[in-house]
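**Q** Below is one structure. I have some questions about it.
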Amino acid sequence: MEHKLTLLGSKTDYPTEYAPQYLEAFENKTPDRDYMVKLNCPEFTSLCPITGQPDFARIVIRYIPDRYLVESKSLKIYLFSFRNHGAFHEECVNIIMDDLVKLMSPKFIEVTGEFTARGGIAIHPRAAYGKPGTRYADIAADALLQL
């Protein structure tokens, strides 16, 4: 699978609706070594699918790459595309994880959404994935039990 970086170093045109096609990946130069990449995205916004009110969150993505890594500017634009997207907090976290698994096929990935309180309740959904049939699947199962 050939990956080309097209957004880095160019003027940014932000999408007005959910746009997974903006995600780009680049080759991992050390695929034989396990290491963790943590991406802290403190300015995530989406819309409540019922009321249309904005929801604000910090999205934390941790992953162990295999052959590819996500390019950070493309991730920023992709996350921005949720700004006008109506989805519940739990759905946002699962969509992000599924899109990143499709893009990179990481050994392990965990996506956490730390949504600010609305109505007195803060929701912090977490989704995790590990490659099936590997020790990373067990790591993903364990990750969901951590607070």
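Quick note, in our numbering, the sequence shown goes up one by one and the last residue is 283.
Just so it is clear, CB atoms sit at the ideal spot from N, CA and C, and this is done for glycine as well.
None of the values given here were measured: they were computed from a predicted structure.
Thinking C-alpha only, which one of Glu163, His260, Asp278 and Cys177 is nearest Glu227?
**A** Taking the first residue of the sequence shown as position 1, residue 227 is located at position 91. Here the closest residue by C-alpha is His260.
**Q** State the Cα-Cα distance for the pair Tyr265 and Tyr272, rounded to the nearest angstrom.
**A** Numbered from its first residue, the sequence shown carries residue 265 at position 129. Numbered from its first residue, the sequence shown carries residue 272 at position 136. Using only the alpha carbons, I get a separation of about 8 Å.
**Q** Could you please give the first and the last residue of the uninterrupted beta strand (DSSP E) stretch that includes Phe180?
**A** The sequence position of residue 180 within the sequence shown is 44, counting from 1. Counting along the chain, the beta strand (DSSP E) containing Phe180 begins and ends at Val173 to Leu183.
**Q** Looking only at C-alpha atoms, which of Asp202, His225, Ser217 and Leu280 sits nearest to Glu163?
**A** Locating residue 163 in the sequence shown gives position 27, where the first residue counts as 1. Nearest option by C-alpha distance: Asp202.
**Q** Going by Cα to Cα distance, which pick from Phe244, Pro190 and Ala253 is closest to Tyr199?
**A** Translated into the one-based positions of the sequence shown, residue 199 becomes position 63. For the residues Phe244, Pro190 and Ala253, the minimum Cα distance to Tyr199 belongs to Phe244.
**Q** Within a Cβ cutoff of 7 Å, which residues of the same chain sit near Ala258, ignoring the five residues on either side of it in sequence?
**A** The count along the sequence shown starts at 1 and reaches residue 258 at position 122. Around Ala258: Phe251 and Thr252.
**Q** Can you give me the start and stop residues for the beta strand (DSSP E) that Glu250 sits inside?
**A** What you label residue 250 is simply residue 114 of the sequence shown in a count that begins at 1. That run of the beta strand (DSSP E) goes Phe244 to Phe251.
**Q** What does Ile275 pair with, by DSSP beta-bridge criteria?
**A** As a first step, residue 275 is located in the sequence shown; it is residue number 139 there, counting from the start. DSSP output for Ile275 lists no bridge partner at all.
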